[in-house]
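Heads up: the structure comes next, in structure tokens.
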Amino acid sequence: MESLVEKNIIRIREDMAAAALRRGRDPSSVRLMAVTKTVDDERIREAIAAGVCLIGENYVQEAQRKIPLLGEGLEWHMIGHLQTNKSKYVVRLFHMIQSIDRIELARELDKRCGAAGVVMPILVEVNTGDESSKSGISPGEAVTLVETVSAFKNLSVEGLMTMPPWFSDPEEARPFFRKLRELRDRIAERDIPGVQMTELSMGMSDDFVVAVEEGATIVRIGRAIFGQRPPKIS
Ligand SMILES: *Cc1c(COP(=O)(O)O)cnc(C)c1O
């Protein structure tokens, strides 16, 4: 019998494909990431059984436990705020770091990747809503950050990521997704050596349909796959 997690994934994939087709996009140009923060291993295994092969983690400590246990054949991306002093741990764990939002962090990660002999794909996280509560670089500073990071030999800039302000109506998030896409296009026009700008990581449980319509190549989904997370204790 199919699990609830699998049912959710099937429905999400249908909605993603429909949104892509509405904009004349190939549905295979958008990847579904399962966001597994606080999710237990059993339900992550159900998602993997349902064909998910891209996983997003927010916390280095959780990833250190889960990736060796469940990781085989999957692609893991770091999507959470990354402290500079944790850079050394992410090099061997993740296939991409989506949360690069400051030069200091990029410089340290570059150094660690160099020492390990790997080139790490990264996304620059942009705070499209300019919210003080959120990480991400402000849109106005993103170009400079991409240019600076492009000079780091062990990092490969592949695009942008954002987490827009939360709205009860997902339509209200549309201008922020559009802003990220336009920023991506402006940076791509500069043809900065070593910079790809192919990925747009945007859209979560409540607004991924709108994000796909606006050009997302990766949607990051937690609750719509796994159900509500337990409230944060902090
Ligand atoms: C938790 C999280 C998500 C997924 O959020 P849901 O609302 O559960 O879909 C996506 N991106 C980031 C950066 C997250 O922290």
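Everything in the sequence shown is counted per my numbering, starting at 1 for the first residue and increasing by one. Glycine included, C-beta positions come from ideal geometry on N, C-alpha and C. Note that the structure is predicted; figures quoted are calculated from it, not measured.
With distance defined between alpha-carbon atoms, name the residue in T148, E199, M202, L160 nearest to P193.
Looking at the Cα atoms, T148 is the closest of the given residues.
Which residue wins for smallest C-alpha separation from G56, given the options M202, K153, R186, E2?
It is M202.
Determine the closest residue to R107 out of K153, G215, L54, with distance taken between C-alpha atoms.
Ranking the options by Cα distance to R107, first place goes to K153.
Buried or exposed for E2, going by 16 or more other Cβ atoms inside 10 Å?
That one is exposed.
Per DSSP, what kind of secondary structure is Q98 in: helix, strand or coil?
Strand, per DSSP.
Tell me whether T38 is buried or exposed, calling it buried when 16 or more other Cβ atoms sit within 10 Å of its Cβ.
So T38 ends up on the exposed side.
Helix, strand or coil: which one does DSSP assign to S132?
In this structure, S132 counts as coil in the three-state DSSP scheme.
For G24, does the three-state DSSP call read helix, strand or coil?
Coil.
For T36, which of helix, strand or coil comes out of DSSP?
It is coil, neither helix nor strand.
Closer than 7 Å to a non-hydrogen atom of ligand 1 - does that hold for the CB of K37?
Yes, ligand 1 has a heavy atom inside 7 Å of this Cβ.
Check for me: the alpha helix (DSSP H) holding I55 runs from which residue to which?
First-last for I55: 54-57, but that is the beta strand (DSSP E), not the alpha helix (DSSP H).
Measuring only from the beta carbon, is S205 closer than 7 Å to any heavy atom that is part of ligand 1?
Checking the Cβ of S205 against ligand 1 gives yes.
What would DSSP say about P193, mapped onto helix, strand or coil?
In this structure, P193 counts as coil in the three-state DSSP scheme.
In the DSSP assignment, what are the bridge partners of H77?
H77 is bridged to G56, M96.
Ordered along the chain, which non-local residues of its own chain (more than five positions away) have a Cβ less than 7 Å from that of R223?
Closer than 7 Å at Cβ, skipping near neighbours: S205, R229.
In the DSSP assignment, what are the bridge partners of T162?
Its beta-bridge partners are V126.
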